[in-house]
Amino acid sequence: MRRRVIAGNWKMYKTLAETRAFFSAFLPLVSNAKHCDIAVAPPFTALSTAVEAAKGSSVAIAGQNVSWSKEGAFTGEVSAPMLAEVGCRYVIIGHSERRQVFRETDDNVAKKTLMALSSGLTPIVCLGETQEERDAGLAEEVLSRQFTGGPGALTAEEFSRILIAYEPVWAIGTGRTATPEIAAEAHSLLRRCAGENFSVHLASALRILYGGSVKPDNIQGLMAQEELDGALVGGASLDAKSFAAIVNFV
Ligand code: PGA
């Protein structure tokens with residue numbers, strides 16, 4: 003049985019004071035949660051505060067993005083060694099907002115993943131199709147292309163250290179969750195890609211999170227699917243009570 007992961011992606015929300023308030027409220031609510039790994043991804047400015055606030059708990063901190071370079075003249079970027087130094091354990095890579103708004107490509111995703119791995123971070127590599135692609139019957143093709151160009155370009159050893167998040171773009175921030183069946187179908191496809199690119203063993207060990215309008219009232223249905231190894235939660239991770247209710251889905 004793969005260990006589940008519940009990760010929160012705060013996007014561009016929360017000041018330092020709000021970060022401290024979140025952890026004061028959240029940690030007591032999840033102190034008995036032993037059934038899954040828990041991570042929270044605050045904005046860069048709040049990482050250090052979040053690491054400090056979560057110290058001694060089982061909650062890991064994640065970056066929301068990372069540079070593909072170790073250092074250099076890259077104004078506005080943050081490197082993997084910097085994230086590791088501040089105390090991050092995970093980093094989200096290739097979120098659809100990065101791909102769509104900031105034009106990140108599969109190649110960028112592959113390079114960022116390598117950099118994150120070389121700093122000892124666990125990458126959470128996101129992929130997912132848009133509404134138009136799904137309507138045109140292209141979901142499978144898009145997912146396998148994103149897989150091949152990103153995670154599929156790693157070595158088997160590197161691949162064994164990443165998490166994948168299936169995030170259909172049409173479900174992100176829209177309140178339209180994928181049905182557990184649609185999500186499970188996409189997860190099986192990705193697991194099949196992993197089997198073909200690497201091995202059946204690595205494919206069955208791979209943890210694939212689902213993301214897109216995960217809420218306290220739909221987490222159970224999603225987690226009832228064996229294919230879903232956890233969730234990447236946006237909006238509902240901003241509120242300590244609702245994120246704790248998602249973590250405590252069992
Ligand atoms: P959402 O965001 O839960 O607000 O839909 C998910 C994500 O973007 O990771």
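In our numbering, the protein residues as written are 3 to 252.
Idealized CB from N, CA, C, for every residue including glycine.
Small disclaimer: the values here were computed from a predicted structure and weren't measured.
*Rounded to a whole number of angstroms, what is the C-alpha to C-alpha distance between residue 179 and residue 26?*
Using only the alpha carbons, I get a separation of about 29 Å.
*Chain-order list of residues whose beta-carbon lies under 7 Å from that of residue 185 (same chain, five-residue window excluded)*: Excluding residues up to 5 positions away in sequence, 168, 212, 224, 227 and 230 lie with their Cβ nearer than 7 Å to the Cβ of residue 185 in the same chain.
*asked:* Quick check on the DSSP output: what are the complete alpha helix (DSSP H) runs of length 4 or more inside the region 174-210, in order along the chain?
replied: Whole alpha helix (DSSP H) segments, 4+ residues: 182-199 and 202-207.
*residue 217 versus residue 86: straight-line alpha-carbon distance, rounded*: If you take the alpha carbons of residue 217 and residue 86, they lie about 30 Å apart.
*Got a sec: does the ligand PGA put a non-hydrogen atom nearer than 7 Å to the Cβ of residue 56?*
No heavy atom of the ligand PGA is found nearer than 7 Å to the CB of residue 56.
*Assuming residue 11 contacts residue 236 under a Cβ cut-off of 8 Å, what Cβ separation, rounded to an integer in Å, is found between them?*
Yes, they are in contact, since the Cβ atoms of residue 11 and residue 236 sit about 5 Å apart, within 8 Å.
*Name the two residues that bound the continuous beta strand (DSSP E) containing residue 125.*
Segment 124-129, the beta strand (DSSP E) holding residue 125.
*Among 74, 244 and 233, nearest to residue 2 - alpha-carbon criterion*: Outside the displayed span of the chain (3 to 252) sits residue 2, for which this structure offers no information.
_N- and C-terminal bounds of the alpha helix (DSSP H) containing residue 151_ = Taken as a continuous stretch (DSSP letters only), the alpha helix (DSSP H) holding residue 151 covers 141-151.
*So, are the CB atoms of residue 45 and residue 14 less than 8 Å apart?*
Yes, they are a contact pair.
*Just the C-alpha distance for residue 54 and residue 154, rounded to the nearest angstrom, thanks.*
Cα to Cα, the separation comes out at about 35 Å.
*Would a C-beta distance cut-off of 8 Å place residue 127 and residue 96 closer than the cut-off?*
Taking 8 Å as the Cβ cut-off, residue 127 and residue 96 qualify as a contacting pair.
*asked:* Taking the alpha-carbon of residue 146 as reference, which of 114, 137 and 108 has the nearest alpha-carbon?
replied: The shortest C-alpha separation from residue 146 is found at 108.
_Are there any heavy atoms of the ligand PGA lying less than 7 Å away from the beta-carbon of residue 215, as far as the coordinates show?_
Relative to the ligand PGA, the nearest heavy atom lies less than 7 Å away from the CB of residue 215.
*Buried versus exposed, by CB contacts within 10 Å (16 or more), residue 207*: Counting the other CB atoms within 10 Å of its CB gives residue 207 a total below 16, which places it among the exposed residues.
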